[in-house]
Structure formats: C-alpha cells, structure tokens
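Note that the protein sequences, when read in sequence, are chains A, B, C and D.
Final position of the first sequence in our numbering is 230; the numbers increase by one with none missing.
Final position of the second sequence in our numbering is 130; the numbers increase by one with none missing.
Final position of the third sequence in our numbering is 528; the numbers increase by one with none missing.
Final position of the fourth sequence in our numbering is 86; the numbers increase by one with none missing.
A virtual CB, placed ideally from N, CA and C, is assigned to each residue, including glycine.
Just so it is clear, the structure is predicted and the values come from calculations on it, not from any experiment.
Worksheet: the structure to be examined is printed underneath.
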Amino acid sequence: MRLAVGLILLAVIGVGIAVSLGGIPFGAPKTVIGDHYVDSARDDTGATNVVTSVVVGYRAFDTLGEVTVLFVAALGLGAVLAAAGGGGGRSGVEPASLILRVGNAFLFPLILLFGAYIFSHGHLTPGGGFQGGAIIASAFLLVYLSSPGKRISATRARATESLSGLVFVVVGLLGLTLGAHNFLANFLPKGVPNTLFSAGIIPVVYCAIGLKVGSELAGVVDGLMEETG
Amino acid sequence: MSFLHDYVYYIGAFGLVAVGLLILLVKRNLIKLIIGLSILDTGVNMLLISVGYITGGTAPIFSRPGLSEGGMVDPVPQALVLTAIVIGVAILALALGLAVRFYKNCGTLDLRTAKELKW
Amino acid sequence: MVSPVVLLAVPLGLALCVPLVGMASRKAAGFVPVAASLFNLVVSVGLLPDALEEPIVANLGGFAPPFAITLFAGPVGVLLSALVALAGLAVSLYALSYISEGPTIRYHTLYTLLLVGATGVVLTGDVFNLFVFFEILCISSYALVAYVGDRAGTEASIKYLIQGALGSALLLIGIGLLYGLFGTLNMADIAARMGSVDPGPVFVAMVLIITGLGVEAAIFPLNAWLPDAHSSAPSSISAMLSGIAIEVGLYAVVRMVFTVFGASSMLMFLVFMGFLTLLVGELCAFAQSNIKRMLAYSSIGQMGLIVFALALATVHSVTGGLFQLVSHTLSKALLFLAVGYMVYRSGSMEISSLEGMGRRMPLTSFAFTVGAFSLVGLPPFIGFPSKFLIVRSALAEQGVLLQVLVGLLLAATVVEGAYFLRVIQTVYFKKGRQQEARREAPAVALFSMFVFVVLIVVIGVYPNLISNALESGASELLERADYVRSVLG
Amino acid sequence: MIIVVSLLVLAMLAAAVAALVYRDLLSAVIASCLVSLLASILFLFLQAPDVAMAEASIGAALVTAIFVITIRRTKRYEE
Numbered sequence: 002m003r004l005a006v007g008l009i010l011l012a013v014i015g016v017g018i019a020v021s022l023g024g025i026p027f028g029a030p031k032t033v034i035g036d037h038y039v040d041s042a043r044d045d046t047g048a049t050n051v052v053t054s055v056v057v058g059y060r061a062f063d064t065l066g067e068v069t070v071l072f073v074a075a076l077g078l079g080a081v082l083a084a085a086g087g088g089g090g091r092s093g094v095e096p097a098s099l100i101l102r103v104g105n106a107f108l109f110p111l112i113l114l115f116g117a118y119i120f121s122h123g124h125l126t127p128g129g130g131f132q133g134g135a136i137i138a139s140a141f142l143l144v145y146l147s148s149p150g151k152r153i154s155a156t157r158a159r160a161t162e163s164l165s166g167l168v169f170v171v172v173g174l175l176g177l178t179l180g181a182h183n184f185l186a187n188f189l190p191k192g193v194p195n196t197l198f199s200a201g202i203i204p205v206v207y208c209a210i211g212l213k214v215g216s217e218l219a220g221v222v223d224g225l226m227e228e229t230g
Numbered sequence: 012m013s014f015l016h017d018y019v020y021y022i023g024a025f026g027l028v029a030v031g032l033l034i035l036l037v038k039r040n041l042i043k044l045i046i047g048l049s050i051l052d053t054g055v056n057m058l059l060i061s062v063g064y065i066t067g068g069t070a071p072i073f074s075r076p077g078l079s080e081g082g083m084v085d086p087v088p089q090a091l092v093l094t095a096i097v098i099g100v101a102i103l104a105l106a107l108g109l110a111v112r113f114y115k116n117c118g119t120l121d122l123r124t125a126k127e128l129k130w
Numbered sequence: 040m041v042s043p044v045v046l047l048a049v050p051l052g053l054a055l056c057v058p059l060v061g062m063a064s065r066k067a068a069g070f071v072p073v074a075a076s077l078f079n080l081v082v083s084v085g086l087l088p089d090a091l092e093e094p095i096v097a098n099l100g101g102f103a104p105p106f107a108i109t110l111f112a113g114p115v116g117v118l119l120s121a122l123v124a125l126a127g128l129a130v131s132l133y134a135l136s137y138i139s140e141g142p143t144i145r146y147h148t149l150y151t152l153l154l155v156g157a158t159g160v161v162l163t164g165d166v167f168n169l170f171v172f173f174e175i176l177c178i179s180s181y182a183l184v185a186y187v188g189d190r191a192g193t194e195a196s197i198k199y200l201i202q203g204a205l206g207s208a209l210l211l212i213g214i215g216l217l218y219g220l221f222g223t224l225n226m227a228d229i230a231a232r233m234g235s236v237d238p239g240p241v242f243v244a245m246v247l248i249i250t251g252l253g254v255e256a257a258i259f260p261l262n263a264w265l266p267d268a269h270s271s272a273p274s275s276i277s278a279m280l281s282g283i284a285i286e287v288g289l290y291a292v293v294r295m296v297f298t299v300f301g302a303s304s305m306l307m308f309l310v311f312m313g314f315l316t317l318l319v320g321e322l323c324a325f326a327q328s329n330i331k332r333m334l335a336y337s338s339i340g341q342m343g344l345i346v347f348a349l350a351l352a353t354v355h356s357v358t359g360g361l362f363q364l365v366s367h368t369l370s371k372a373l374l375f376l377a378v379g380y381m382v383y384r385s386g387s388m389e390i391s392s393l394e395g396m397g398r399r400m401p402l403t404s405f406a407f408t409v410g411a412f413s414l415v416g417l418p419p420f421i422g423f424p425s426k427f428l429i430v431r432s433a434l435a436e437q438g439v440l441l442q443v444l445v446g447l448l449l450a451a452t453v454v455e456g457a458y459f460l461r462v463i464q465t466v467y468f469k470k471g472r473q474q475e476a477r478r479e480a481p482a483v484a485l486f487s488m489f490v491f492v493v494l495i496v497v498i499g500v501y502p503n504l505i506s507n508a509l510e511s512g513a514s515e516l517l518e519r520a521d522y523v524r525s526v527l528g
Numbered sequence: 008m009i010i011v012v013s014l015l016v017l018a019m020l021a022a023a024v025a026a027l028v029y030r031d032l033l034s035a036v037i038a039s040c041l042v043s044l045l046a047s048i049l050f051l052f053l054q055a056p057d058v059a060m061a062e063a064s065i066g067a068a069l070v071t072a073i074f075v076i077t078i079r080r081t082k083r084y085e086e
C-alpha cells in the first residue's frame, strides 16, 4: 500500500521534473549572470577562482547564512544530546593499536596544515573554507579513533566557533561603514591576482569560515561520540 | 551516443533523487531514512551542477595566465551546491543526534513503534 | 537611514556572542535574545515610515542588482520583521523565567537564530537566499522542539525534521530548475523575465517550490507534523512556531506566487486549499482533549483562513489576510504563553486538568480568555476587525461558490468558538478537585503576556493604527511591476 | 569518455539501490558513501573541482564517519 502510493507519487514528481528538464538542454550556455561573473570576477573581487569569488564575494551573504546553518545544527545536536543530563566519559573504549597511535601522532599536524593550506588558498585554487574545515575536522576524527578517551576542550571549540563567526559578521559590518558602504563590501586592497595576499577580504573571510566549519564539524563528531546514557 | 551525452548526468541525478525519495517513502528505520535524505541531497546537488555545465567548458578558475573567459562553465550552480552540501550535512548531523536520542528513549530505531504520537 | 541588513547582521552577531556571554554568566545569556529583538523592533519601526513611502532596497556587497543578493524592505517585509521582533521580544522575556533547566545557553542561541532566520525570510529578495534563511529557521525549530529531550519531543522533532528536509529538497530542486530556466536568482529579475519562458517547465518549478515551502506553512495536506511539533515543544517555542514560523512560511509562499510567478491560475486552487486547511484544522481542534494539541490544530485552521483571504488577491482581501496574520501571531502566541504556565502548574496537558485555574491563576486565565476571544473574532479584540475585513472582501466578490464558502467559513468560526468556550468554561466555572493555593505565573512571564493583551485590545479598538500600513503592504504584494521597478530600477 | 561516465553513473545508481535494499545498516551506509564518492568523481568531470572536493571531504568522509558512530551507539540491523 505504502509502496504503491510512494511509486505513484514518485512517478508524478518524475514526469514533472523530466518535463521541466526538457526546457533546460544539457551543456548549452544559458545564463547572463554566470557569464558576467566569469568576465568580471577578477576585476571585482581579485580572486582567480571564480567559484570562490561568487561564494565569498557576490553571494557572501548566502555563505554567512550557511555557516549559521551549520552553527545551528552543531548547537542543536549539543542541545538534543545534552538534554538528558549530559556528561560522562566514553564507555567501552579500547586503546587503539600502536600503528594507529604513532601514525596519528605523525599525521595529525600534517592534516591540520593541509586543511589550513586549503582554506587560505581558496581564492587561488580549488578549495576553500568548507573543504579546509572538513579536512581539519577529519584530523580530529583521527584523534578520536586513535585515542578514544581523548576529548577536545569544549570551551575552546565553542570560543573558536563564536569568534570566527564574529570575524565574519564584523568584516561585513566594516564593509557597511568603510569603503563602499555596503554589507560585506570588499574594503581591503585587492592586490595582484594569483598571489596569496590578494582579493581583499576573501582570504580573511575564508580563514574564518575554515576555522568555524572545522570546529563545528569536530564538535558534531565529538557530540555524537560522547556517551550520555 | 548523443542521447547518452545529453542525458546521462540528468539520469544519474534523477535516479538518485528517485532512490532517495523511495527510501523516505517506504522505509521506517530512522537511520535508513537519514541515508535516504543523504542520497536525495546528493541527487539534488548533481542536478544543480548538471544544469550549470557547458559542453567543452573548463573549470571556472583562472589557474593559468592564458585561460580565456569564454568557455568556462557556470560558476553559480557550483557556489549554490557548496552551500547546499553544507546545509545538507547540518541537517544530517542534527537528524543523527535525534536518532541517538530516540534510541535512548525507545530502545529501537523503528518509527512504527513510536506510539507516543500518531504518524 | 540605516541599511535593512543590520536587522540580520546585528542579531546574528549577538547570537554568536551568546556562548561567549554564557561562559561569563549563565544568567546573562538569557538577556541577549531580549537585546537582539529589542534592537530589531526599534530599527524596524524606525524604517517603517521610509518603507511605506518607497521600498528600501539594499544590494549586498556593493554589486548591481541581479548580480548581488538583494534585500527588499518594503511595507510587508518591515511590518513582518517588526512583528517577528515584537513577538520575539515578549517570548524571550517569558523564557527568562520559563526556561530554567537543561542547556539554557544553547536554547538562547538557537532562539536568537530562529529570529534571524524568520527576519531573513521576510526581508530577502533572492530565491536562494530565501532557501538559506528558511533552513536557519527550520533547523533551529527542529532542535528547539526536541529541547526537553523527552519521548514526545524527540519523536515530534524527528517527524518534523524528516518532512521538513523532504520539503527543503523539493524546494532546492525547484530553485535549481528556476536557475536553469531563467539564469538568475533575483526575485525581481525572474519576475521580469517570466513572460519570455515556456510556461510548462515554470509550472513544475512553481509546484515544487510551493510544496517545499508549504510544508513549513502548514498548508493541508502537508501539515502532518504540526500538531505534534507544536504540542510537544516547550511552550515558549510553541508560541514562536505558531506565531512566527508558519506565518513566515506562508509569507514565502505568497511572495513566490504573487511576486515571482504572478500565477493567477494557482489562486483559485489556493483558495480551496486554504478552505480545506481551515475546515480540517477547526474540526480536528474540536476533537482534541489535549490543550496544546487543540491550540496547534487551531493554528492550522487559522492558517487556512489566512491562505483563503490572501489567495482571493484583491487589495481588501489581502489586507484582511495580513491583518489576520498579525492578529493570529499576537493571539496565538499569547495563548501558548498562558497555557505554558497553566500546564506547568497543573502538571498535565489535558483540558480537564485545568479546572479551577480561574481561581488559582486569575491573571494568566484572564490573558488566556483575551487570546481566545480574539482568535474567535469577538469585539473589541484584534480578531474582530481582521475577520470582518476578510468576510466583507470575500462577499464583495462575485460568485455563488464564494458565498457558500464564506457561509462555511462562518460555521467554522462557530466551531472555533465552541471549543474555546469549552476550555474557558473549564477554567472558570468548574471547581478543582482540591482547593489549591493561589499561585500566579512569575512577574516577567505575566508582563510578556500583558504586552500581547494590551496590543490585542488597542489594535482591536483602533484598527486604523495598522490598517494603512497593511493596505500598502497588500498593494506591494499585488503590484508585481512596482516590485520589479524598485529593485531593477 | 562518455562510456566511462555512463559506467560511473550506473555504478552510482547501483550503489544507491544497494543502500535501499541492504538490511545491514552499516553496509547501507558504506553504499551511500560510495554514492557520494562516485558523485564527487562525476563533479570533477562536470568541471566543478570545488564541489568535488567538498563532496569528497564532507559527503563521503565526514558524513560516513558520523553515520558509523551513530550506528555503533544504536543498532546495526534494520528489523
């Protein structure tokens, strides 16, 4: 019964989307907006990665909302899991093997460095705050796997989250008061394209996003691993 | 061949959306539902990226000096999908937290046993 | 004149500060949402005269309109953001005493972010930005519904999350199709190009978007989650969900249908959907024995009425719909706040357990009565002019069908009156089993309830206070060309 | 080229269907991880390296990890 209803619903949605996609030929150039971004991104924002210039330049406000969504989810996860009267260590932990522990001690700083590289070069190469943040979080995941009893300092993680979020908002508000008098306007000098210190506020914002996403995702992993029962 | 060329990504994206919706409609195990959500998200992202693709285009990054503006794929869907991926993982994380909570309260992941409320 | 973006940036910054403030003092954290909503209220009211004259358009990042994200602070946007801030202020005061256990710092942060999400949805002029703020609103609601962590709350939250996430996915597909068809995400730009595109695919995109947004707006049959979520959440959150979240969802639907798609063909369908929603909501509310579930179903009914009025799409009916929206926000938030402490004192959500509350908590019971009478539509409360406007504008339309619908609508109001009177009778005229000492709600909570009481009575007596602003809001919603002109120049 | 892409799409859909039918949740999660991984390769073919990176690091790695952690704390088999 449920299957039948589901399949009918699915068929309706399927036909609808198929009809609609018929109006959007695959592979054909169609938008003015996209062309405009590609043409003027380097002059407008100074970033050579056009996707980055859209994410942190033209549509930076979306990105602010998006980090907020992740912030909401991390907080919500904490609230949901803490509601039963939190705390307690992790039960049933077995120490990891020697290889994992030694390998982790060697890899952990390297992975952190790699993550930092990814988010600080987001305006030049593929990658950026989200990818770099995820890589940093995976370094912490590795720590949890190799030494299950270990915990990151919740206070420090929360402070990182809040402060890096505040950096983003403050940069936006500075744009409102300085320079172009627009929220998130690029008020720093754009520099020479294809160098690390270019593109004005983009690297600053991307570093803040990287730290924020990293600490939030690490917090999510930490929250789920913690035994509350 | 040209059929494949025109539609293969759309078929892939649409197939993922369909499987994700199917899981959401027929399964009643909470973790399975969340897996369905994740597959659905991937499908939607695939759809958005395929919409922005331009045949023969290059990635929208001026990585070499000689690269011209013409013939780059549309950067906007890529930016949107970056946002959508992060929003998707946020929903998944919260849902998994709720699943853990649910298991602790009820001792099961099966939503059919949730007698507290009417489904 | 300040840019409307501060309405979003400052509360967001304050929300990020809550954990930092909470490290210093747990108690101080509760005052941050108060500060944030107070700031928003002051700024929105300050912007209102300007917005009534000429919509304020802010292009973020300093780029030209179709390329930047646009904030559109017209009459509707500013009014709704003032409403969100007002309700947010009263409810955050209430929460100072009501929310005392559990992870309170996280509660206050999530609450502030819920306000940010709601304000963002009403102010944005960009389809994808709408999606992002919509997600902030939804995800903070999911988390807050499960705040207590009991069985009912968790299950309700899961149900809400699964249906909401499904809706968001459909919304995102719709937005992707819109971008593929129009090559732009700016609402005004899409509206301007609407004529140049094949209507078939656009219709599919519209259906997907309305379905996705309709889950949050609780339009029948997408509202299965609502009674559970609204009844299992802490009462302060129920007040926000019933008073703000679904209204904002409905605003998003209306903005898409009226401004972006200009879809007159959908309107008759929406009139029927609104009517069905009204009928289902009121009848189910009548059958409930749980007071919070009853209020939740009553919210569904009220949303149906608002959809009905808005979808008639004349200036008078849309004014009436917006008026009813304001009235519902004030009345329903008041009802949930009053019921919150009644339930807390009696220890049960059954209506029968409220016996004798009129003596135990006279002020709270009085506030409840005002809210209930206002919702039913009795003068001199705000519900009367709003319902009156809707009925009058619907009768002004030609067509027998519509007259029949209005008749049934009045019958539904009678049903509404019946179940509210039943509760009021229980509260005042049935003696409790044992006489308990008089114990009122805390002073802060009473204060926040009486903010609503005063507003309900004052606007009920002087409807002209807001009806002019609502009327220019209605014409903003109906005049697509003006919207396009004020954004794109 | 188009053949390779078609095979990848086919594999991706097969993995999605596997995630639908497996009763063992851990296997289903691994299948959905495979979906993300193949999707990220397809993103690379669609000239979206940023998205491919995000999908691989977030969609395939972190999401799978938190799924596995959740399953370890709850139940492994769907009844």
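* Asked: If you measure beta-carbon to beta-carbon, which residues of the segment 365 to 376 of chain C are closer than 8 Å to chain B?
  -> none
* Spatial neighbours of C/T223 within its chain, please: CB distance less than 8 Å, with the 5 preceding and 5 following residues excluded, ordered by chain position. => P105, I229 and R232
* Asked: Where does the unbroken beta strand (DSSP E) through C/V96 begin, and where does it stop?
  -> I95 to N98
* To do: Given a cut-off of 8 Å, decide if C/L46 and C/V84 are closer than it, judged by their beta-carbon atoms.
  => no
* Contact between the segment 362 to 381 of chain C and the segment 125 to 135 of chain C (3+ Cβ pairs under 8 Å) -> yes
* 4 or more residues per run - each alpha helix (DSSP H) lying fully within the segment 245 to 299 of chain C -> 265 to 271, 274 to 279 and 285 to 294
* Asked: Per DSSP, what kind of secondary structure is C/T163 in: helix, strand or coil?
  -> strand
* What does a CB cutoff of less than 6 Å around C/A54 pick up in its chain, not counting 5 residues either side in sequence? -> T148, T151 and L152
* With DSSP run on the structure shown, which of helix, strand or coil describes C/E389? -> strand
* **Residues of the segment 35 to 54 of chain A with Cβ closer than 9 Å to any Cβ of chain D, in chain order** => N50, V52 and T53
* Just the Cα atoms here: how many angstroms apart are C/P114 and C/G422? -> 21 Å
* Less than 8 Å separating the beta-carbons of C/I285 and C/A348? -> no
* **Length-filtered (4 minimum) alpha helix (DSSP H) runs lying within the segment 116 to 180 of chain C** => 143 to 162
* Anything in chain B within Cβ reach of A/F27, meaning under 9 Å, just list it in chain order. => H16, D17, Y18, V19, Y20, Y21, S61, V62, Y64 and T66
* For B/G108 and chain A, any beta-carbon pair shorter than 8 Å? -> yes
* Asked: For A/N195, does the three-state DSSP call read helix, strand or coil?
  -> coil
* What span of residues does the alpha helix (DSSP H) with C/F412 cover, start to end? -> P401 to V415
* Taking C-beta to C-beta, are C/Y181 and C/S196 nearer than 8 Å? -> yes
* To do: To the nearest angstrom, report how far apart C/R398 and C/F468 are at their CA atoms.
  => 10 Å
* **Same chain, Cβ closer than 7 Å to B/K38, five either side skipped, listed in chain order** => L44 and G47
* Inter-residue spacing [alpha-carbon to alpha-carbon] between A/F198 and A/L189 -> 11 Å
* To do: In the DSSP assignment, find the unbroken alpha helix (DSSP H) run with A/T69 in it and report its ends.
  => A61 to A83
* **Counterpart residues of B/Y9 in DSSP-defined beta bridges** => Residue 9 of chain B cannot be examined here, being either before or after the span of chain B that is shown, 12 to 130.
* Asked: Using the C-alpha atoms, what's the distance from C/G343 back to B/M57?
  -> 36 Å
* Asked: Do the segment 94 to 102 of chain C and the segment 261 to 276 of chain C meet, that is, are 3 or more Cβ pairs less than 8 Å apart?
  -> no
* To do: Could you name the residues of the segment 173 to 203 of chain A whose beta carbon sits closer than 7 Å to any beta carbon of chain C, in the order they occur along the chain?
  => G173, L174, L177, A181, N183, F184, L185 and A186
* **N- and C-terminal bounds of the beta strand (DSSP E) containing C/L110** => T109 to A112
* To do: Could you confirm whether any beta carbon from chain B is found closer than 8 Å to the beta carbon of A/A74?
  => yes
* Asked: Who are the near neighbours of A/G220 in its chain, counting only those whose CB is closer than 6 Å to its CB and skipping five residues on each side?
  -> A75 and A158
* Beta-carbon proximity of C/G116 to C/V161, cut-off 8 Å -> yes
* Residue environment, A/D44, which counts as buried when at least 16 other CB atoms sit within 10 Å -> exposed
* **Anticipated Cβ contact below 8 Å, A/R1 with A/S147, distance rounded** => Nothing in the structure corresponds to residue 1 of chain A, since chain A is present only between 2 and 230.
* Counting only runs of 4+ residues fully inside the segment 146 to 177 of chain A, write out the alpha helix (DSSP H) ranges in chain order. => none
* Does D/M60 come within less than 8 Å of chain A when only Cβ atoms are used? -> yes
* **Listed by chain order, chain A residues near C/G219 by CB distance under 9 Å** => S21, L22, G24, I25, K31 and T32
* **Residue-chain proximity (C/F167, chain B), Cβ-Cβ < 8 Å** => yes
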